[in-house]
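Colleague: These protein sequence lines are chains A and B, in that order. The opening position of the first sequence corresponds to residue 1092 in our numbering, with each subsequent residue numbered one higher. The opening position of the second sequence corresponds to residue 392 in our numbering, with each subsequent residue numbered one higher. Here you go, one structure.
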Amino acid sequence: MNAALVAELQAALTPQRVRTNSTELGLYKRDASNIEGTAGIVCFPLTVEEVQAAVVAAVRHQVPFVARGAGTGLAGGATPLNDALVIATTKMNRVLSIDPVNRSAWVEPGVLNLDLTRQVTHLGLHFAPDPSSQQSCSIGGNVANNSGGPHCLADGVTAAHVLGVEVVLSDGSVVQLGGDEAEVDGLDLRGAFVGSEGMFGIATKVCVRLTQNAPAVRTMLMDFASVDDGAQTVSAIIAAGMVPAALEMMDQLCVQAVEAYIHAGLPLDAAAVLLVEVAGLPAGLEADVARIVAIGTEHGARTVRIAQDEDERALLWKGRKTAFGAIARIKPNYYLHDTVVPRRMLPAVLRQVYEITARHGLLVLNVFHAGDGNLHPLLVFDKREPGVMERVHAAGDEIVRASVAAGGVLSGEHGIGLEKRDFMPLMFGPADLAAQAAMRRAFDPTGLANPFKVLPSPAACGDVQHVPEGAWV
Amino acid sequence: MIDLGEFADAVGRDGPVTITGAGTRGGPVGGCSVVHAPAGIEWVQPDEMIVSCGAGTPVDELVAALREHRQTVVLPAGGTVGGALSVGRSDVRRLGLGPVRDVLLQARYVSALGEVVKAGGPTVKNVSGFDLCRLLVGARGTLGFLGDVIVRTRPLPPVSQWCSAPAADPFAVFRTLYRPVSVLWDGHTVWALLEGHGADVSQQAAAAGLTACDGPPALPSGSRRAVAPTTITSLTGTFVAEVGVGVVHHAEPWSAPARDGRVLALARAVKHELDPTGRLNPGIDV
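Laid out in structure tokens, this is it:
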């Protein structure tokens, strides 16, 4: 711990909002991934000036700083390394202004995703990105990771819903990128900042786009005797020119776990279940429902269940959104993966996922955003079993490689962080990575903003770039 | 995959160099050697809603090819794909169909070092690494010259209809419509582009007091401004404003106010990192 830095932070914030005792630091040593680091100091600024003061102090003492929202990230992006200063934005949680006419709002980064939607529901609006963690994840974290969610199929991921962002850069300057005025000429620095995983600076205000609630919504569940039939239905729906609001798949083990938990009457003998939601104006909606049912039936859907009311719709979604909790009934631990493959490759890659996990003696549940090819294999295990972590890591490694080999990408919505940093060369060559490193240097020439994430470091840097215990890489 | 070797050789490693497509959006910078990106559609994958093409491909050719698959790409008409992306100005459909910068999924460009560099990835959803594609769109060729790209497509709607209402309140129309593709206002008449099922389009038009018309008004070409969308009611002069977006097309010339110095410094730092000698499209300040 750096006593001089602590004193400066306490003077700039308050002693109460600068924490250094080991119990509290222990709470901030990782995000929602299994990757642990060490926090040297944790501070809780309330204002942009306090964030600025914290950044300036950290840089003066050459201590790395890590922005942290709710800590729900799954790739180790907010895991502090080497006793970094953790700057937690959780207390910056005000909605600053709402423009109901033009459908935008300025919010602080600690505002929780679902809280924002709740605050604009009476205006007929919502914030479109809806990660499974939406009850607990923060807007700042969504910006850092360019988060997705089931409804990003039709509406796009976070980048499409961030109009502007006020950021504190590592040189201590405060700069507004983008804002109320759309498409000002010049570089899209706002777009570059979204998804920069805390390595370009710290967001202190975000201007978000709010989306009109659909006048009508239909949610349906189709079940299939084979995973292939379900996956082909997904491709056929898209090829027919429809982009449903959401298009989610669960495989048999997942359906069984979820049904035991929520009792929604899900078909336990189905190999795969598709949850399809269409939203919009009534005539187009009914036409789409009819076409989707026909396509499903052509591809072997055994039953089609259309939610009859809002309660039934909520129940079907509860099944999807609580899948991660439901698996605790099977094994105490899980490892959630996140890769994207071309939709037409879903059947082949899912077969590989089953083969890989079976070979490593692991159980796998699949619950994922089928509409955009975003796989989420969920490996479940009991970490008390000797040697199981090695098998989990080995299987994960193979799943990532299989996805990229199928023409896919490393991550659809969780980010790279520490988890997939050393896989970046699977997708990018040295010149590609050098360009990304150049972007990073332009925003953060000090290299102290959340270092050692995303970009694989040259081997010469020694142990500081070692991925800590818990990573499966 | 399109071979970018010849294009990279033409860009080379030193000396000022400029790129031009069809020249419809400004053309090349003077006093430099001029290069052209490869043209041609590489492939169309309708079930993935993506298409790959050389940056020199005409936008209209791409749109025509996609029409056979009942899809389209949301780029402003005319010129080349590379030109539309590099300038980064969306057309009037931005309100409903999103900005040009959201169209680009993957780009391979030639850097200031003459190397072929890949940004982004081929899938619609992708957060693998920093989003270099966002910087390339609107950079006017100052960070790298686009060689080939993968862009997202979208299905063509069953019905696409422009409607208008004279002497209407633009915000009343805007509030009434569900996700219109475009709403325009010239201080008097409101136009809206509605897309979707025919019955929905008719119902929406009626609810907002709009009647079908031939198309949008001609956009004044004196200047294009970006203003906060709430402020369009205080505009003066001859204009067509994009309601809900805040892009305003004026007949009168207008010079943009100086940008915030800190934003400019950051933009120049990006330029310096990616093109330290300033050889790509010299003289263009982003």
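The beta-carbon is built from N, C-alpha and C at its ideal position, and this holds for glycine as well. Keep in mind that this is a model prediction, so the values were computed, not measured.
#1: Taking only beta carbons into account, state which residues of the stretch 403 to 437 of chain B come closer than 7 Å to chain A, listed in chain order.
#2: From this set, B/Val-618, B/Ala-446, B/Asp-438, which residue's C-alpha is nearest A/Met-1436's C-alpha?
#3: Three or more C-beta pairs under 8 Å: does that hold for the stretch 1359 to 1369 of chain A against the stretch 1305 to 1317 of chain A?
#4: When Cβ atoms are compared, which residues of the stretch 598 to 632 of chain B fall closer than 8 Å to chain A?
#5: For a test of the three-state rule: what should DSSP assign to A/Tyr-1425, helix, strand or coil?
#6: Do the stretch 484 to 496 of chain B and the stretch 572 to 586 of chain B touch if we need at least three Cβ pairs shorter than 8 Å?
#7: Using a Cβ-Cβ cut-off of less than 9 Å, give me the residues of the stretch 1280 to 1307 of chain A that come near chain B, in sequence order.
#8: What are the complete beta strand (DSSP E) segments, minimum 3 residues, inside the stretch 600 to 673 of chain B?
#9: What's the C-alpha gap between B/Pro-419 and B/Ile-410?
#10: Please identify, using Cβ separations under 8 Å, the residues of the stretch 587 to 598 of chain B that lie next to chain A, in order along the chain.
#11: If you follow the alpha helix (DSSP H) that A/Cys-1134 is part of, which residue opens it and which one closes it?
#12: DSSP three-state label for B/Pro-561, please.
#13: Along chain B, which residues have their Cβ under 9 Å away from the Cβ of A/Phe-1543?
#14: With distances taken from CA atoms, which of A/Ala-1419, A/His-1390, A/Ala-1497 is nearest A/Ala-1439?
#15: Does the stretch 1170 to 1185 of chain A come within contact of the stretch 1525 to 1534 of chain A, defined as at least 3 CB pairs closer than 8 Å?
#16: What is the DSSP secondary structure of A/Glu-1257, reduced to helix, strand or coil?
#17: Tell me, which residues are paired with A/Ala-1175 by DSSP?
#18: If the cut-off is 9 Å on Cβ atoms, which residues from the stretch 1366 to 1392 of chain A count as contacting chain B, listed in chain order?
#19: Near A/Leu-1453, which residues of its chain fall below 7 Å by C-beta distance, leaving aside the five closest residues on each side in sequence?
#20: Assuming A/Asn-1457 is part of the beta strand (DSSP E), what are its boundary residues?
#21: To which residues of the same chain is A/Ala-1254 closer than 8 Å at the C-beta, ignoring the five residues directly before and after it?
#22: On a CA-only basis, which of A/Ala-1294, A/Val-1248, A/Val-1234 is nearest A/Gly-1263? Give me that one, please.
#23: With contact counted as at least three CB pairs below 8 Å, one residue from each stretch, are the stretch 646 to 660 of chain B and the stretch 1212 to 1230 of chain A in contact?
#24: Classify B/Gly-473 as helix, strand or coil using the three-state DSSP reduction.
#25: By the 10 Å Cβ neighbour count, where 16 or more other Cβ atoms means buried, how is A/Ser-1326 classified, buried or exposed?
#26: Short of 6 Å in beta carbon distance, which residues of its chain neighbour A/Arg-1121, apart from the five on each side in sequence? Order them along the chain.
#27: Are there 16 or more other CB atoms within 10 angstroms of the CB of A/Asn-1237, so buried, or fewer, so exposed?
#28: Can you tell me whether DSSP reads A/Asp-1190 as helix, strand or coil?
#29: Name the residue from A/Val-1146, A/Leu-1118, A/Leu-1137, A/Asn-1125 whose alpha carbon lies nearest to the alpha carbon of A/Glu-1099.
#30: Taking its Cβ as the centre, do 16 or more other Cβ atoms sit within 10 Å of A/Asp-1535, making it buried, or is it exposed?
#31: Buried or exposed: where does A/Asn-1112 fall if 16 or more other Cβ atoms within 10 Å of its Cβ makes it buried?
#32: Could you pull the start and end residues of the beta strand (DSSP E) that B/Phe-536 belongs to?
#33: Counting only beta-carbon atoms, is B/Arg-484 nearer than 8 Å to chain A?
#34: Could you say if the stretch 465 to 475 of chain B and the stretch 551 to 563 of chain B meet the contact criterion of at least three C-beta pairs nearer than 8 Å?
#35: Assuming contact is defined by CB atoms lying nearer than 8 Å, are A/Asp-1523 and B/Val-508 in contact in what I supplied?
#36: What's the C-alpha gap between A/Ser-1261 and A/Phe-1519?
Modeller: This is what the structure gives:
#1: Pro-437
#2: B/Asp-438
#3: yes
#4: Ala-617, Val-618, Ala-619, Pro-620, Thr-621
#5: strand
#6: yes
#7: Leu-1280, Arg-1281, Gly-1282, Ala-1283, Phe-1284, Val-1285, Gly-1286, Ser-1287, Glu-1288, Met-1290, Phe-1291, Thr-1302, Gln-1303, Ala-1305, Pro-1306
#8: 614 to 617, 630 to 633, 638 to 641
#9: 6 Å
#10: Gly-587, His-588, Gly-589, Ala-590, Asp-591, Gln-594, Gln-595
#11: Here A/Cys-1134 belongs to no alpha helix (DSSP H); instead the beta strand (DSSP E) covers 1130 to 1134.
#12: helix
#13: Those do not exist, as A/Phe-1543 stays about 15 Å from chain B at its closest Cβ, beyond 9 Å.
#14: A/Ala-1497
#15: no
#16: strand
#17: A/Ala-1130
#18: Gly-1371, Leu-1372, Pro-1373, Ala-1374, Gly-1375, Leu-1376, Glu-1377, Ala-1378, Asp-1379
#19: Leu-1470, Phe-1472, Arg-1482, Val-1483, Ala-1486
#20: 1454 to 1459
#21: First, the residue type needs correcting, since residue 1254 of chain A is Leu and not Ala in the sequence shown. Hits under 8 Å: Ser-1195, Gly-1269, Gly-1270, Asp-1271, Ala-1273, Arg-1281, Cys-1298, Val-1299, Arg-1300.
#22: A/Ala-1294
#23: no
#24: helix
#25: buried
#26: Glu-1127, Thr-1170
#27: buried
#28: strand
#29: A/Val-1146
#30: buried
#31: exposed
#32: 536 to 543
#33: no
#34: no
#35: yes
#36: 27 Å
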